[in-house]
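Everything on this sheet refers to the single structure shown next.
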Amino acid sequence: APVIGVLALQGDFREHLSALERCGTRTVGVRRPSELADLDGLVVPGGESTTIDKLLRRFDLMAPLRERIASGLPVYGSCAGMILLADRILDGIEGQQTIGGLDVTVRRNAFGRQVDSFEEDLHAPALGATPSDPPMRAVFIRAPWVETAGDAVEVLATVSTGPAAGRIVAVRQGALMATAFHPEISGDARVHRAFVDLVEAHR
Ligand code: GLN
Numbered sequence: 003a004p005v006i007g008v009l010a011l012q013g014d015f016r017e018h019l020s021a022l023e024r025c026g027t028r029t030v031g032v033r034r035p036s037e038l039a040d041l042d043g044l045v046v047p048g049g050e051s052t053t054i055d056k057l058l059r060r061f062d063l064m065a066p067l068r069e070r071i072a073s074g075l076p077v078y079g080s081c082a083g084m085i086l087l088a089d090r091i092l093d094g095i096e097g098q099q100t101i102g103g104l105d106v107t108v109r110r111n112a113f114g115r116q117v118d119s120f121e122e123d124l125h126a127p128a129l130g131a132t133p134s135d136p137p138m139r140a141v142f143i144r145a146p147w148v149e150t151a152g153d154a155v156e157v158l159a160t161v162s163t164g165p166a167a168g169r170i171v172a173v174r175q176g177a178l179m180a181t182a183f184h185p186e187i188s189g190d191a192r193v194h195r196a197f198v199d200l201v202e203a204h205r
């Protein structure tokens, strides 16, 4: 089984570790640069992207992580993790940095103050959610969306109804994957399964 790390500086890394274990992978919480060495893949969890950014820099993880991504390490980012994988952020805080790698511009806290969190069924064929499959219930918590995406970026899911209809909420580019929502909370294994498949394909 592949070894998949979960960045364990802040946020809901425990839920991702459990979700990956249910997919049959070996898992490790990552807090130090040396723990990046033996990974086949990495998850950057939801939480607070500004805090995770500061901790990545304080613990000297930012540069080695960027190097591993440049040399093809598969990484999945959820919510704050999506923000951290984006090359560009709108509505970030002063001086906020990202790991980068995904040729997207994300808008932080995009769904607005009135809607701190909500759930929605997604149409996401590439993630195994078509009208004939069970719907994929997505949980959004102060979530970003992808405002613009480069040509190399594959859109995996968009919002289907309401004022945010059409907004991009899941993407893939090469070995990088990101969702604005939290499959580790909804308990729907399909997103983690898709990431494990991506990791297997890159081993
Ligand atoms: N709003 C948070 C941020 O800017 C993300 C929220 C989440 O990960 N649930 O990082």
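FYI, in full-length UniProt numbering the residues of the sequence shown are 3 to 205.
Positions of the beta carbon are idealized from the N, C-alpha and C atoms, including for glycine.
On a predicted model such as this, the values are computed, not experimentally measured, just so you know.
Separation of residue j from residue i, as counted between CA atoms
i: Val198; j: Arg205; result: 11 Å
i: Asp14; j: Ala21; result: 11 Å
i: Val45; j: Val201; result: 11 Å
i: Asp190; j: Gly79; result: 16 Å
i: Leu75; j: Gly164; result: 36 Å
i: Val32; j: Leu11; result: 8 Å
i: Ser162; j: Pro185; result: 17 Å
i: Pro133; j: Leu178; result: 26 Å
Buried or exposed (CB count within 10 angstroms, at least 16 for buried), residue i
i: Glu96; result: exposed
i: Ala159; result: buried
i: Gly152; result: exposed
i: Asp135; result: exposed
i: Ala72; result: exposed
i: Gly114; result: exposed
i: Ala3; result: exposed
i: Ala166; result: buried
i: Arg174; result: buried
i: Gly48; result: buried
i: Phe183; result: buried
i: Gly26; result: exposed
i: Ala131; result: buried
Inter-residue CB distance, residue i and residue j (contact presumed, cutoff 8 Å)
i: Glu149; j: Arg109; result: 5 Å
i: Ile143; j: Glu17; result: About 12 Å; that fails the 8 Å criterion.
i: Ala180; j: Leu87; result: 5 Å
i: Val77; j: Val155; result: Between Val155 and Val77 the Cβ distance is about 14 Å, and since that is not below 8 Å, they are no contact.
Cβ-based neighbour list, residue i, same chain, cut-off 6 Å, excluding 5 preceding and 5 following
i: Gly168; result: Thr160
i: Leu19; result: Val8 and Thr29
i: Glu122; result: Ala140
i: Ala112; result: Pro146 and Trp147
Same chain, Cβ closer than 7 Å to residue i, neighbours up to 5 away in sequence not counted
i: Leu129; result: Met138, Leu158, Ala159, Ala172, Arg192, Val193 and Ala196
i: Ala126; result: Met138, Leu158, Ala159 and Ala172
i: Asp40; result: Val5
Chain C contact for residue i (CB, 8 Å cutoff)
i: Val45; result: Absence of chain C from the displayed structure is noted, only one protein chain being present.
Would the region 185 to 198 count as touching the region 30 to 37 if we require 3 or more Cβ pairs under 8 Å? Counting Cβ pairs under 8 Å, fewer than three are found: no touch.
Using 8 Å as the threshold, is the region 78 to 89 in touch with the region 47 to 58, meaning 3 or more CB pairs across them? yes
Would the region 98 to 116 count as touching the region 66 to 74 if we require 3 or more Cβ pairs under 8 Å? yes
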